[in-house]
Amino acid sequence: MPRKCASMNTREATFQWMEARGIRALFGNPGSTELPFLVELPESVRYVLALQESVAIAMADGYAQASGKPAMVNLHVAPGLGNAIGMLYTALKNRSPLIVTCGQQDTRHMFHEPLLAGDLVGMARPVTKYACEVAQPADVPDALEQAYHLALTPPRGPVFVSIPMNFWDAPAEPPRLRALQLPGMPQGLERVIDALTASQKPALVLGAGVGSAGAVQEAVALAEKLGCAVYHAPINSRLAFPTDHPLYEGMLLPAVPRLLQTLQPYDFVLVVGAPLFLLYPYFPGALLPPDVRAMLITNDPLEASRAPAEAAFVGDIKAALGWLAEHVPARDYTLPSRAVEEARRRSEATRARSQMGTFYVLYTLARCLPKNAIIVDEAVSASLCLREYVRIPTTGDYYTSGSGGLGWAMPAAVGIKMAQPDRPVVCVIGDGSVMYSVQAIWSAVQENAPVLFLVLNNRAYNILKSFAKAFYPGSESRLQGMDVPHLDLAALARGMGASAERIDSPDALEEALPRALQADQPILLDVWVDPAVPNLF
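For the sequence shown, the numbering used here gives the first residue as 38, with consecutive numbering after it.
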């Protein structure tokens, strides 16, 4: 039976849809083509203002990952979408469920290529899971409902919807919500049980898909049943296993020689929630040692189809890990002691104290950090050190960019804090990275999001110097464009309303860190660290 058309316009139908889907925040940087949509935005929806579109995307990315729900972003025609492209790429790699709308020019003069118009779908398609432009005003609520489901269906990701500005006042029907049943547990996991049972020395490699599926507890249960070594996948962007656990062995490095060296002692490797394997830089050779079997569990069919594994299983990661933990035979084992490693870290930090070495700064952070803290990492040249020194328990969490791009962490930390207001959020970031999205500090102040921005300031792009040191020995000290002097980051932060101070001595750091972790407003600590170039691997 045909439905009666309601006396509402597209804008009102969209607001009803947002209410029904629980969307209470809209991230963006407004423009003229968005005004017909924003003019009557309900008070129940908070417009989270970013000072640049890339910052809006990254804030929404952090919010979506930390809440587990889709976040909605509103961009402004071709220039605004262009500004957001890099962060959309990162959201795609992070598998963040974003609904990204963009105001398109008025369709009544598109033939004449008006100011700001462009092929928005063509621009967005390479960096989103799906992209479309609505052709009829009445289709806007249905297009948003489709975007909602596509963003949430594994593998999750950003979905783009272009909406012409003249559609918002056109007649529309009430939104129609749909129920979508997501894929269940992978089939055939008995093969994994058989392989684990037959293995003399198995290892688990866990990726960001475990964390985003909320399956860390299931991963711990499986590892403890097996008593096996656990690694994070290379360049892992989410916590998949508590890094303070005795079975945890660290993150695999994304280089073939180091992968082969690390995995050589094992006879079976089960990779869950990650590609097999994400690599950089290029080295020739196989990804696994000879005679080492491998299987993959993922929610991404593309990831499964290209994996150099003897078997790949596609489906719900949480359900798969829970089933394996329940059915795999338990092994007898003794938990390894980490006392020697802890003593080494303490010794290295003590030696580095006088020079304000990165080891010392991160060891000091670890000693002050609450157990439920969330670390957001864009320390780049110090990221390996951060993962080593700041151990994350089951009650904590860790996020970093899955794309390798810079500028994500500061705004993402703001979005994460908005989604998790009762937990401490610490953004550990390099000075070079700060300048990609420093405007996020302003948004943190406006949203009353008390993030601690801990800047490891080595006055250079040290990660590039590390690459040069590894592949072009001796060149790291003479390359142009590698140094970033004369930045007063504390002054920049204070200029946007945040508290900030420069830290250049161990005593100042040891006093400031505990205080900053208790602050009720955003605070930036500009910590001047030893600028020595670290080894890449």
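All C-beta atoms, glycine included, are put in the ideal place defined by N, C-alpha and C.
- Pairwise C-beta distances place the region 456-473 out of contact with the region 538-547, as fewer than three of them are shorter than 8 Å.
- If you compare the alpha carbons of Ala-331, Pro-283, Ser-420, Ala-348 with that of Glu-379, the shortest gap goes to Pro-283.
- Counting only runs of at least 4 residues, the region 518-554 fully encloses the following alpha helix (DSSP H) elements, listed from N- to C-terminal order: 526-532, 543-554.
- The beta carbon of Gly-68 is closer than 7 Å to those of His-113, Val-114, Gly-117, Gly-140 in its chain, skipping five residues each way along the sequence.
- When DSSP reads this structure, Asn-46 sits in a beta bridge with Pro-208.
- In the three-state scheme derived from DSSP, where H, G and I count as helix and E and B as strand, Pro-239 is classed as strand.
- For Trp-445, the three-state secondary structure derived from DSSP is coil.
- Under a 10 Å Cβ-count criterion, Phe-396 is classified as buried, with 16 or more other Cβ atoms of the shown protein chains found around its own Cβ.
- Scanning its chain for C-beta atoms nearer than 7 Å, with the 5 sequence neighbours on each side dropped, one finds around Ala-57 the residues Pro-212, Leu-214, in chain order.
- Distance check between Pro-239 and each of Gln-254, Gly-225, Cys-265, Ala-477 places Cys-265 closest, using alpha-carbon atoms only.
- Excluding its 5 nearest sequence neighbours in each direction, Gly-439 has C-beta neighbours in its own chain below 6 Å: Lys-130, Asn-131, Ser-274, listed in chain order.
- Nearest C-alpha to Phe-74 among Val-427, Asn-494, Ile-200: Ile-200.
- Sorting Arg-539, Leu-516, Asn-495, Glu-538 by C-alpha distance to the C-alpha of Pro-522 places Asn-495 at the top.
- Bridge pairing for Trp-565: Asn-494 [DSSP].
- For Ile-411, the enclosing beta strand (DSSP E) begins and ends at 411-415.
- The C-beta of Lys-502 has 16 or more other C-beta atoms within 10 Å across all chains shown, which makes the residue buried.
- With a beta-carbon spacing of about 6 Å, Thr-51 and Pro-178 fall inside the 8 Å limit used to define contacts.
- Three or more beta-carbon pairs separated by less than 8 Å link the region 404-417 to the region 455-462, which places the two stretches in contact.
- Looking only at Ile-500, Arg-61, Thr-70, the smallest Cα-Cα distance to Ala-569 is reached by Ile-500.
- Counting other Cβ atoms within 10 Å of its Cβ, Asn-485 stays below 16 and is therefore classed as exposed.
- With a 10 Å radius around the Cβ and a threshold of 16 neighbouring Cβ atoms, Arg-83 comes out exposed.
- One thing to note: Ser-91 has its Cβ no nearer than 8 Å to the Cβ of Asn-111.
- For Arg-83, the enclosing beta strand (DSSP E) has its first and last residue at 83-86.
- Where Asp-434 is concerned, the enclosing beta strand (DSSP E) starts and stops at 434-437.
- The beta carbon of Leu-315 sits closer than 8 Å to the beta carbons of Ala-270, Pro-271, Ile-272, Pro-291 from its chain, once the five residues preceding and following it are set aside; these are given in chain order.
- Excluding residues up to 5 positions away in sequence, Ser-236, Gln-237, Lys-238, Pro-239, Asp-328, Val-329, Arg-330 lie with their Cβ nearer than 8 Å to the Cβ of Asp-304 in the same chain.
- A residue is called buried once 16 or more other Cβ atoms fall within 10 Å of its Cβ, and Glu-363, having fewer, is exposed.
- Ranked by Cα distance from Asp-525, the first of Gly-194, Glu-538, His-146, Val-293 is Glu-538.
- Boundaries of the alpha helix (DSSP H) around Val-257: 253-263.
- Counting only runs of 4+ residues, the alpha helix (DSSP H) found wholly inside the region 343-368 occupies 354-364, in chain order.
- If you compare the alpha carbons of Met-455, Ala-260, Arg-382 with that of Asp-369, the shortest gap goes to Ala-260.
- Where His-186 is concerned, the enclosing alpha helix (DSSP H) starts and stops at 177-189.
- If one requires a minimum length of 3 residues, the beta strand (DSSP E) runs lying completely within the region 109-185 are 135-141, 167-170, in chain order.
- Cβ atoms of Ile-122 and Met-96 stay farther apart than 8 Å, at about 16 Å.
- Nearest to Ala-386 by C-alpha distance, out of Ala-376, Ala-403, Arg-375, Ser-374, is Ala-403.
- DSSP places Tyr-100 inside the alpha helix (DSSP H), whose first and last residues are 90-104.
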